[in-house]
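Report on the following structure.
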Amino acid sequence: MSQNLRATLALVVLTLIWGYSWVTAKLALQYVAPFAFSAQRAMIGATALLAALVIMRRPLRPRLPWLVALNGMLQTTLFLCLQSWSLVEGGAGKTSVLIFTAPIWTLFLAWPLLGERIRGSQWLAAATTLIGLVLIIAPWQLEASPLAKILGVLTAMTWAASTIIVKRVSRHGLDMMNFNAWQMTLGAVLLIAVSAGVPEPATRWSGEYLGLLLFTSLISTGLGWFLWFYILERLPAWEASLSVLGVPVVATIASRLQLGETSSGIELAGMLLIGTGLTLLSVFNWRQQRRAAP
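So for the sequence shown, the working numbering puts the first residue at 840; every next one is plus one.
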């Protein structure tokens, strides 16, 4: 089996794992408060990634510690807190779609922070995604609480900000698996402090919750990030990012089948527009890379 085929199969597995993890996280939050759940899954996931560094004989010493700490606060502490909170307030499928608008917010942040200007074609992708976002949030429906949707968008913005940091880090030629393991470790420590400081109900431990926690932590976080770095080393970044857009599709289908979640016609139209906008963005980036290639 060729390396490209193995990487493609890994991408399919990763999409299924990350898509279904939204359902497992939603189910897990029936047993645990959101901040405690975030701390537990981050600590287990970080331990798994550090163990992977040792097993694979990757560098253990962290570099650029201030960037590791900043990214840990954004990508692990804030992201997981907001994600878990948004799942408590809203459905798994819709929340995943909102959070996966992160590439558009990355586009906007990269302009002032990285000097990467938005090109003509990218404006079309951004506009399509933002129109879809408005349809899902539906600010005209004043009787409905917008909290879950706002939390989903804030989570996406947090993810986008951490992506900017990762782009800066990648310029230094760092081992990204090492960087991710340490940012998750530091973020997990902050999450433990947040969980200890915020009054929350005690975790209702059970066999079912333990299984959900281990899937979310070890499979979705530990194995998921391992597969992601494996894929990025063997496939073009545009191809990997385009394929991972299947994650919210899997999440929406799985949440509908297992959790009985439904969406209105306007919300479905919004999801379709968001998917279209993100696909356009990936295609435009691919075309730009092809033109820049020698």
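Think of the CB as a built atom: it goes at the ideal place given N, C-alpha and C, for glycine as much as any other residue. If you're wondering where the values come from, they're calculated on a predicted model, not measured in any experiment.
Practice problem: Would you check if the distance between the CB atom of L953 and the CB atom of K988 is smaller than 8 Å? | Solution: Judged by their CB atoms, L953 and K988 are not nearer to each other than the 8 Å cut-off.
Practice problem: Leaving out five residues on either side along the sequence, give the residues of the same chain with a beta carbon under 8 Å from the beta carbon of L855. | Solution: In chain order, V1089 place their CB closer than 8 Å to the CB of L855, counting only its own chain and leaving out the 5 sequence neighbours on each side.
Self-check item: S1103 classed as buried or exposed, judged by whether at least 16 other C-beta atoms fall within 10 angstroms
Solution: Taking a 10 Å sphere around the C-beta of S1103, we find fewer than 16 other C-beta atoms and assign the residue as exposed.
Quiz item: Once you ignore the five residues that flank W944 on each side, which residues in its own chain have a CB closer than 6 Å to its CB?
Solution: Only residues of its own chain outside the window of five on either side were considered, and among them A995, M996, A999 have a CB closer than 6 Å to the CB of W944, listed in chain order.
Self-check item: Simplified DSSP assignment, three categories, for T967
Solution: In the structure shown, T967 sits in a helix (DSSP, three-state: H, G or I).
Quiz prompt | Helix, strand or coil at G1099 [DSSP, three-state] | solution = It is coil, neither helix nor strand.
Quiz item: Closest by CA to F1054, which one among W1021, Q879, P1087?
Solution: F1054 has its Cα closest to that of Q879, out of W1021, Q879, P1087.
Exercise. Please classify V936: is it buried, with 16 or more other beta-carbons within 10 angstroms of its beta-carbon, or exposed?
Key: The residue in question, V936, is buried, as its Cβ has 16 or more Cβ neighbours within 10 Å.
Practice problem: Compute the beta-carbon to beta-carbon distance between S925 and L853, rounded to the nearest angstrom, for a pair I have assumed lies under 8 Å. | Solution: Not really, about 22 Å apart at Cβ, beyond 8 Å.
Exercise. Excluding the 5 residues preceding and the 5 following F1018 in the sequence, name in chain order all residues of the same chain whose CB lies nearer than 7 Å to its CB.
Key: V907, V1008, listed in sequence order.
Practice problem: Please state whether DSSP places I1003 in a helix, a strand or coil. | Solution: If DSSP states are grouped into helix, strand and coil, I1003 belongs with the helices.
Quiz item: Are the segment 902–920 and the segment 1018–1038 in contact at 8 Å, needing three or more beta carbon pairs?
Solution: With a cut-off of 8 Å on Cβ pairs, the segment 902–920 is in contact with the segment 1018–1038, counting three or more such pairs.
Quiz item: Among residues of its own chain, excluding the 5 on either side of L1117, which ones have a beta-carbon nearer than 8 Å to its beta-carbon?
Solution: The answer, listed in chain order, is F939, T940, P942, I943, A964, T968, L1084.
Quiz item: Okay, do the segment 1038–1046 and the segment 889–898 touch, 3+ Cβ pairs below 8 Å being the bar?
Solution: By the criterion of at least three beta-carbon pairs nearer than 8 Å, the segment 1038–1046 is not in contact with the segment 889–898.
Quiz item: Which of helix, strand or coil does DSSP assign to E928?
Solution: Reduced to three states, the DSSP call for E928 is helix.
Quiz item: What is the residue span of the alpha helix (DSSP H) that I1058 lies within?
Solution: Counted as a single uninterrupted DSSP element, the stretch harbouring I1058 is not any alpha helix (DSSP H), since DSSP gives it neither H nor E.
Quiz item: Shortest alpha-carbon distance to I1092 belongs to which of K933, V1122, L1057?
Solution: Answer by Cα proximity: K933.
Quiz item: Count the other CB atoms within 10 Å of the CB of A890; is the residue buried (16 or more) or exposed (fewer)?
Solution: A890 comes out exposed.
Quiz prompt | Proximity to P1040 [Cα-Cα], best of W861, A849, I1105, F876 | solution = Nearest option by C-alpha distance: F876.
Quiz item: Should L981 go down as buried or exposed, given a rule of 16 or more other Cβ atoms within 10 Å for buried?
Solution: Note that L981 has pLDDT 49, beneath the 50 cutoff, so the model's placement of it is unreliable and the number below is only indicative. The residue is exposed, with fewer than 16 neighbouring Cβ atoms inside 10 Å.
Practice problem: Determine, using beta carbons only, whether V973 and A931 come nearer to each other than 8 Å. | Solution: The answer is no: Cβ separation not under 8 Å.
Exercise. Could you check which residue in L921, V1122, I1105 has the C-alpha nearest to that of L986?
Key: Measuring from the Cα of L986, the nearest candidate turns out to be L921.
Quiz item: Would you report the Cα separation of L1062 and S960, rounded to the nearest angstrom?
Solution: Each residue's Cα considered, the two are about 35 Å apart.
Quiz item: With respect to the alpha helix (DSSP H) encompassing I1070, which residues constitute its N-terminal and C-terminal limits?
Solution: I1070 -> alpha helix (DSSP H) spans 1063–1071.
Quiz item: Would DSSP call P901 helix, strand or coil?
Solution: Under the three-state reduction of DSSP output, P901 falls in the coil class, being neither helix nor strand.
Quiz item: Ordered along the chain, which non-local residues of its own chain (more than five positions away) have a Cβ less than 7 Å from that of V851?
Solution: Correct list: empty, nothing qualifies.
Quiz prompt | Straight-line gap, M813 to T1101 (C-alpha atoms, nearest Å) | solution = What is shown of the chain runs 840 to 1133, which leaves residue 813 out entirely.
Quiz item: alpha helix (DSSP H) containing A1032: first to last residue?
Solution: 1015–1036 is the span of the alpha helix (DSSP H), which, as asked, contains A1032.
Self-check item: Buried or exposed by the 16-neighbour rule on C-beta atoms within 10 Å, applied to A872
Solution: Buried: at least 16 other Cβ atoms inside 10 Å.
Quiz item: Is G1116 helix, strand or coil when you go by DSSP?
Solution: DSSP places G1116 in helix when its eight states are reduced to three.
Quiz prompt | Endpoints, alpha helix (DSSP H) assigned at V1083 | solution = Counting along the chain, V1083 falls outside any alpha helix (DSSP H), and DSSP gives it neither H nor E.
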